[in-house]
Each structure stands twice: as structure tokens, then as C-alpha cells.
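Keeping their order, the protein sequence lines are chains A and B.
At position 89 of the first sequence the residue is numbered 168 (my numbering), and the sequence of numbers has no breaks.
At position 95 of the second sequence the residue is numbered 81 (my numbering), and the sequence of numbers has no breaks.
C-beta: ideal position from N, C-alpha, C; glycine also.
One structure is given here, and the rest of the page talks about it.
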Amino acid sequence: AQSVAQPEDQVNVAEGNPLTVKCTYSVSGNPYLFWYVQYPNRGLQFLLKYITGDNLVKGSYGFEAEFNKSQTSFHLKKPSALVSDSALYFCAVRDGGSQGNLIFGKGTKLSVKP
Amino acid sequence: DAGVIQSPRHEVTEMGQEVTLRCKPISGHNSLFWYRQTMMRGLELLIYFNNNVPIDDSGMPEDRFSAKMPNASFSTLKIQPSEPRDSAVYFCASSPPGTSLFFGPGTRLTVL
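Next up, the structure:
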């Protein structure tokens, strides 16, 4: 069965510093990987996805993620964090290829302090 | 496009009452998903449809929950009778094939 793991419940970063939110995955076949962000009292917003191609994927709001097949990881990164990046971040894998549902990690709360 | 539309945004009801949540997916999307989010369990898939047909309802907690998609532009999630443990935020999402899901704003359900 497909699954993702987010090992950190919370990540704290100072504004202007680089940030990394970790995600590892377990899939059979080719992975369809996603990152979503959820701001308080809002729905989930799509940030980026990896389907195939370059291992470094660029997404919204300056975020990027690196697909690493040997380490089965898909970490979310940003070179310089903003206070407004503070939110809940979810890694997800699409079950059953392109048509299946999204299986989400438990989420990582990112807190960026001024 | 207005995005995925959910109604109501907030619902407060008493235990035993019937609750109906509604979703209008983005036009042209052929898949629709219902998720539930709680602090304890995170995001859980309840059911999803492809081309209006239920594909996987294994996440539906019990017979009190039912979902329908009578056409490509409308879906409902019904809880009858509701219980306090059903209190959560319920999200609807839609997608075209092979791409990301687009989520609605959610319905915050409180069952007293």
C-alpha cells in the first residue's frame, strides 16, 4: 500500500533562513507525489507535484521539492523563509497511479519567527 | 472558475439529527473526493468518485454515512443520525485525471 511519512510534527525557522520540511514515501510503481499547504481555517492549497522528469520541482510561493528515489524522499524546501509561510504542510502520494485518491501524511506545522 | 464550492461552511446540530453536506466540483473535473479532518486522525479519505461512480468508499466510517453524486456537478455527504464524534471539518476536492486535487474551503461540523 502507498504511504507517506512526515517525521516532524513541527519545524521552527527564523525568517530569512532556509527551511526544509521532510517527507518520505512508500509506493509500488512510479510515485505521484504532492505537497499541499493549509492556512488556519482554510482548505488545502496545492504547492507542487512530482510525476516524472527533473528531480527538483519548483512550485508556488518560492517553494521547491527534491525527489530522491534512492532515499524515497520528497523534502519541501525554500531558500529564505517568510513569516507568512507559517502554516500546516502536507505531503501526499496518489494511490493507484493517476486516477486514485491522495493519501496524506499527518502534516508538519511550520513556524517562522521574525 | 469559482473553484470547488461547499455548503454550508459551518453547521451546528444536535446529536441524532440528519446532516447533509454539499459540494459542487470544478467544471470538467471527473473525480470527486470527500475527506474528513480532525486533530486526532488528520486527513482521512471517506469516499471518492470517478465519472460519478463511487470507486472507493472504504473510508466511510459506518452505515450512518452515505454519499451520492447524481451528476457531474453535484455531490452530497449525508450523516444520519449524527453523533458528537462526527464533529470535524469535511473537505470536498475535485480533479481532472492525473493531476493534483483542488480542495474546497471545507464545512466545519459541530454535533452537540
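Straight-line gap, E30/B to V97/B (C-alpha atoms, nearest Å): Within the second sequence, numbered from 1, the residue matching residue 30/B stands at position 44. Within the second sequence, numbered from 1, the residue matching residue 97/B stands at position 111. Approximately 19 Å between the Cα atoms of the pair.
N180/A at chain B interface by Cβ criterion, 9 Å: Taking the first sequence and counting its residues from 1, the one referred to as residue 180/A is at position 101. For N180/A, the answer is yes, since a Cβ of chain B falls inside 9 Å of its Cβ.
Length-filtered (3 minimum) beta strand (DSSP E) runs lying within the segment 60 to 93 of chain B: Listed in chain order, the complete beta strand (DSSP E) runs (minimum 3 residues) inside the segment 60 to 93 of chain B are 60 to 65, 74 to 81.
Short Cβ contact (9 Å threshold) for A171/A with K156/A: Residue mapping note: residue 171/A aligns to position 92 of the first sequence, counting from 1. Residue mapping note: residue 156/A aligns to position 77 of the first sequence, counting from 1. No.
Y129/A to L87/B span [Cα, whole Å]: For the purposes of this step, residue 129/A is taken as the residue at position 50 of the first sequence. For the purposes of this step, residue 87/B is taken as the residue at position 101 of the second sequence. Roughly 13 Å between the two C-alpha positions.
Same chain, Cβ closer than 7 Å to E94/A, five either side skipped, listed in chain order: Working through the first sequence from its first residue, we reach residue 94/A at position 15. The beta carbon of E94/A sits closer than 7 Å to those of A160, L161, V162, V191, K192, P193, all from its chain and outside the five residues before and after it, given in chain order.
is_contact[K148/A, chain B] using C-beta, thresh 9 Å: Locating residue 148/A in the first sequence gives position 69, counting from the first residue. With a threshold of 9 Å between beta carbons, K148/A makes no contact with chain B.
Local conformation of G132/A per DSSP, three classes: To locate residue 132/A, count along the first sequence from 1; it is residue 53. In the three-state reduction of the DSSP assignment, G132/A falls in the coil class, being assigned neither a helical nor a strand state.
Inter-stretch contact (C-beta, 8 Å, three-pair minimum) for the segment 21 to 41 of chain B and the segment -9 to 0 of chain B: Counting C-beta pairs closer than 8 Å gives fewer than three between the segment 21 to 41 of chain B and the segment -9 to 0 of chain B, which falls short of the contact rule.
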